[in-house]
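In the working numbering, the protein residues as written are 1 to 438.
We put the beta carbon where it would ideally sit given N, CA and C, even for glycine.
Before any comments, here is the structure.
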Ligand code: SAH
Ligand code: SF4
Ligand code: F3S
């Protein structure tokens, strides 16, 4: 038998791409993964189109593979993900050495596409096919896994925020059936996974087919809660308008559901939220968080913000700062608005880039202040830590707390996958230090 060919995958963008990359690697059965492009027989870039910078990175990365391709004419280069979906054949026009372009909804066809490239064909598939790609994909081999895993349960978006490409690159909202999700979760647990993060562009809009009708995300979480050996459940990303009562309540009552919620709001100004087509107000968002905190007082909130959205004034921006002050985020991600071709906001009057930069810095300073303070407040508290890997010092292990902070512990005999109670004793630059309680 000839040695397996080597596949190098580079992943950009969100966690859904991380999950998709794992599935694509499994689908390409004749390949084993390598972590350098230099010895690869196939290079696959799994791309992101969310901001201009993300999309442009793909072309500069492809440029770097020119030499490799010249040395090794059999090397196949593929582009997958959201840039593939958005630009399709245009990618091959700009970079003729690309052999294959596959969109995020058609990658179950990848093996067959890959085979066609060996006859010298250039292959593009950016369909939104009728068939369920997850159903068509190979099941995961029974290989051992680390303690944490992503599990995509929902894809696509029907919200059409005025700045965002996701509804175009990922298509309409679709949920995977409940039995498939549960089967995949059980399989992951058998292979060593103790924490799953359920993924979806709008994960809390989940409505998966189940016996006797459809289940919501809260129902799915309760079913996962019953799986022995699965210790922690998280989900991301949620839209404020899809947080139903049962899901809010689950944060108080479901013991495996972790006290962390990523709930992007984008802006604190109602005028801008309206222009963004967000269909919620700053006030309704704040009231929602009040209800979530009533169910789970220690929940750590996380969010996303866009500054410099078209027509954003200093007063609008101030409203964003006020909202951030009021919420106190444990984590928050802020981005300068990036014009995306084909989206409604691209046509509007843009904010001066220097002004947008200034706002981004001010927002990030405020977010960092809260983030640090909240991390420091963990000192003295007791919490669960799921250990993932050895630390840099001998005898040290690193894991994630219930609130997703990295925690270092010095202790003999700890293994990846151990979930232990820890007292936090120190807060460092980017992580906490803890001591085992039991
Ligand atoms: N589905 C998720 C996340 C989508 S993309 C949600 O609805 O929240 C992740 C983040 O990228 C968004 O929350 C937003 O803050 C940011 N983003 C999306 N489009 C952008 C654009 N055109 N410019 C800058 N940031 C953008
Ligand atoms: Fe994009 Fe809005 Fe959909 Fe999130 S909800 S993916 S920001 S369109
Ligand atoms: Fe990027 Fe596509 Fe995810 S645009 S953020 S990779 S859904």
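Kindly indicate which three-state DSSP category residue 443 falls into: helix, strand or coil?
-> Residue 443 cannot be examined here, being either before or after the span of the chain that is shown, 1 to 438.
Would you mind sorting residue 237 into buried or exposed? The rule is 16 or more other CB atoms within 10 Å of its CB.
-> Taking the first residue of the chain shown as 1, we reach residue 237 at position 237. Residue environment: residue 237 is assigned as buried (16 or more neighbouring CB atoms within 10 Å of its CB, all protein chains considered).
Pick out every residue whose C-beta is nearer than 6 Å to a heavy atom of ligand 2: which are they, in chain order?
-> Listed by position in the chain, the residues whose beta carbon lies within less than 6 Å of some heavy atom of ligand 2 are 157, 159, 160, 161, 164, 166, 167, 201, 202 and 239.
Determine, using beta carbons only, whether residue 13 and residue 81 come nearer to each other than 9 Å.
-> In the chain shown, counting from the first residue as 1, residue 13 sits at position 13. In the chain shown, counting from the first residue as 1, residue 81 sits at position 81. Cβ atoms of residue 13 and residue 81: closer than 9 Å.
Could you round the C-beta distance between residue 260 and residue 300 to whole angstroms and report it? I think they count as a contact, below 8 Å.
-> In the chain shown, counting from the first residue as 1, residue 260 sits at position 260. In the chain shown, counting from the first residue as 1, residue 300 sits at position 300. Cβ atoms of residue 260 and residue 300 come within 8 Å of each other, at about 5 Å.
Cα-Cα, which of 162, 324, 243 and 409 is closest to residue 387?
-> Residue numbering aside, residue 387 sits at position 387 when the chain shown is read from its first letter. Ranking 162, 324, 243 and 409 by Cα distance to residue 387 puts 409 first.
Roughly how many angstroms separate the alpha carbons of residue 366 and residue 356, rounded to a whole number?
-> As a first step, residue 366 is located in the chain shown; it is residue number 366 there, counting from the start. As a first step, residue 356 is located in the chain shown; it is residue number 356 there, counting from the start. Between the C-alpha atoms of residue 366 and residue 356 there is a straight-line separation of about 16 Å.
Are the segment 123-132 and the segment 72-91 touching, with three or more C-beta to C-beta distances below 8 Å?
-> They touch, by the three-pair rule.
Is it a yes or a no for the segment 41-58 touching the segment 129-136, going by three-plus beta-carbon pairs under 8 Å?
-> Between the segment 41-58 and the segment 129-136 there are fewer than three inter-stretch CB-CB distances shorter than 8 Å, so the stretches are not counted as touching.
Whole-Å CB distance - residue 68 paired with residue 37, under 8 Å assumed | Start at 1 with the first residue of the chain shown, and residue 68 comes out as number 68. Start at 1 with the first residue of the chain shown, and residue 37 comes out as number 37. That pair is a contact at about 6 Å.
Taking only heavy atoms of ligand 1 into account, decide whether any of them is closer than 8 Å to the Cβ of residue 264.
-> For this step, residue 264 is matched to residue 264 along the chain shown. Yes - ligand 1 has a heavy atom lying nearer than 8 Å to the Cβ of residue 264.
Going by the beta-carbon positions, is the gap between residue 145 and residue 192 smaller than 9 Å?
-> Translated into the one-based positions of the chain shown, residue 145 becomes position 145. Translated into the one-based positions of the chain shown, residue 192 becomes position 192. Their beta carbons are under 9 Å apart, which means residue 145 touches residue 192 by this criterion.
In terms of alpha-carbon separation, which member of 353, 326 and 438 lies closest to residue 335?
-> Counting from one through the chain shown, the residue named residue 335 turns up at place 335. The alpha carbon of residue 335 has as its nearest neighbour, out of 353, 326 and 438, the alpha carbon of 353.
Following the continuous alpha helix (DSSP H) through residue 396, name the residue where it begins and the one where it ends.
-> In the chain shown, residue 396 corresponds to position 396, counting from 1. For residue 396, no alpha helix (DSSP H) encloses it; the enclosing beta strand (DSSP E) starts and ends at 396-401.
Let me know the secondary structure DSSP gives residue 9 once reduced to three states.
-> For the purposes of this step, residue 9 is taken as residue 9 along the chain shown, with counting starting at 1. The three-state reading of DSSP puts residue 9 in strand, counting E and B together.
Counted within 10 angstroms of its Cβ, other Cβ atoms place residue 76 as buried (16 or more) or exposed | As a first step, residue 76 is located in the chain shown; it is residue number 76 there, counting from the start. Buried, since its Cβ has 16 or more Cβ neighbours within 10 Å.
Grouping DSSP H, G and I as helix and E and B as strand, with all else coil, what is residue 204?
-> Reading the chain shown from its first residue, position 204 is the one you call residue 204. Here residue 204 sits in helix by DSSP.
Go to residue 251, then tell me how far its alpha helix (DSSP H) extends in each direction, as first and last residue.
-> Here residue 251 is taken as the residue at index 251 of the chain shown, counted from 1. 245-253 is the extent of the alpha helix (DSSP H) around residue 251.
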